Amino acid sequence: MPAEPLLHIRDLKIEFRRHDAEPTLAVKGIDLTLQQGESLALVGESGSGKSATALALARLLPEPPATIRAAAMTLAGHDMLTLKPDELRKVRGKEIAYIFQEPTTSLNPVLTIRTQIGEALALHRPDVSKADRDAEIVRWLDKVGIVQPEKRLHAYPHELSGGMQQRVMIAMALCCQPKLLIADEPTTALDVTIQKQIMDLLADLRRELGMSIILITHNLGIIRSVADRVAVMFRGQIVETGLVDEILKNPQHAYTKALLHCVPRMGTKQPRLHAIDYELLKTG
Ligand SMILES: Nc1ncnc2c1ncn2[C@@H]1O[C@H](COP(=O)(O)OP(=O)(O)O)[C@@H](O)[C@H]1O
Ligand SMILES: [Mg+2]
-6 MPAEPLLHIR DLKIEFRRHD AEPTLAVKGI DLTLQQGESL ALVGESGSGK SATALALARL
54 LPEPPATIRA AAMTLAGHDM LTLKPDELRK VRGKEIAYIF QEPTTSLNPV LTIRTQIGEA
114 LALHRPDVSK ADRDAEIVRW LDKVGIVQPE KRLHAYPHEL SGGMQQRVMI AMALCCQPKL
174 LIADEPTTAL DVTIQKQIMD LLADLRRELG MSIILITHNL GIIRSVADRV AVMFRGQIVE
234 TGLVDEILKN PQHAYTKALL HCVPRMGTKQ PRLHAIDYEL LKTG
């Protein structure tokens, strides 16, 4: 019998209700399965439902305004549809971690790196004693490529570059040893050379730690080093899924083809998504 998948989602629907507007079905019944150690790129243009999906799977979307329905949603053997709040909190710390686009909004500006990573360790790593905490923080800072980590321990976020801040975020997420890392547009705010360094770092760490990654992006150009498979989202649905190499070589859906045309060239920061030709999609 094959091992139980790390993540299994069937027919996930996410609706948002606001009292001043009609409810909108942002995610329209998607299926996703991820084996232990397997990594997936979730790609699609802005507003297609990628972040809502990623947050919903750890029940991190505020409900309301969101309503989450699914035929199944399990993460590391936990039924995420029925877990009680205190059990959910444990699963979140232990099994899954997130990094987001803007490290500056996730890091607390008035606390040192040591305090912030230390808090994560205190919460989720009972195996690390208080006396060993600094050594563990330094070990993770070193792992994510921060030079002279002992010195950086006492730095505040603003004393670090954007790329360094994102490395700190990765250290903070991974020091809890999650089975699944969700990286939601982790490099969109960074320039192209730093983007590449962070992607290479994620690929290395993934190999070393054997964890799974869901990399969310609207840039098909950066997924190859990190992901095995790709799922393409378009307006709340998965319109195409397969191995990264196959989809990059031979995209089937018109939207995927359009996305591939938008891969940014070196030296530009954002894919030019406005260039998507929606007329093309009607025939696709
Ligand atoms: N908290 C929310 N309240 C209302 N609508 C939301 C909320 N979060 C997301 N949405 C809507 O759901 C859709 C999908 O959003 P999102 O998942 O953030 O897209 P993506 O991450 O692919 O850019 C969008 O139309 C967005 O406006
Ligand atoms: Mg998003």
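Our numbering applies: residue -6 is where the sequence shown begins, and numbers increase by one. All residues carry an ideal CB built from backbone N, CA and C; glycine is no exception. Here the structure is a predicted model, which means the values were calculated and not measured.
Starting from the C-beta of PHE93, find all residues in its chain whose C-beta is less than 6 Å away, skip the five residues before and the five after it, and write them out in chain order.
SER99, ASP177
Assign ASP(-3) to one of three DSSP states: helix, strand, or coil.
Residue identity check: residue -3 is Glu in the sequence provided, not Asp. The three-state secondary structure of GLU(-3), taken from DSSP, is coil.
Tell me whether VAL131 sits in a helix, a strand or coil according to DSSP, three-state version.
Here VAL131 sits in helix by DSSP.
Below 8 Å, can you find three or more Cβ-Cβ pairs linking the region 102 to 113 to the region 144 to 159?
yes
Which complete alpha helix (DSSP H) runs does the region 58 to 84 hold, if anything under 4 residues is left out?
Qualifying alpha helix (DSSP H) stretches: none in this window.
Between ALA128 and CYS168, which are expected to be in contact by the criterion C-beta below 8 Å, what is the C-beta distance as a whole number of angstroms?
Between CYS168 and ALA128 the Cβ distance is about 12 Å, and since that is not below 8 Å, they are no contact.
Three CB pairs or more closer than 8 Å across the region 114 to 125 and the region 37 to 57:
no
From this set, VAL161, ARG82, LEU81, ALA124, which residue's C-alpha is nearest PRO102's C-alpha?
VAL161
Environment of ligand 1 in chain order, Cβ to heavy atom below 5 Å
Per the Cβ criterion, the list is PHE9, ALA19, SER39, GLY40, SER41, GLY42, LYS43, SER44, ALA45, PRO58.
Measuring alpha carbon to alpha carbon, tell me which of GLN28, GLY214, GLU95, HIS1 ends up nearest ALA49.
HIS1
Between GLU178 and ligand 2, is there a pair consisting of the residue's CB and a ligand heavy atom that are separated by less than 8 Å?
yes
Spatial distance of ALA34 from ALA220 (CA atoms)
6 Å
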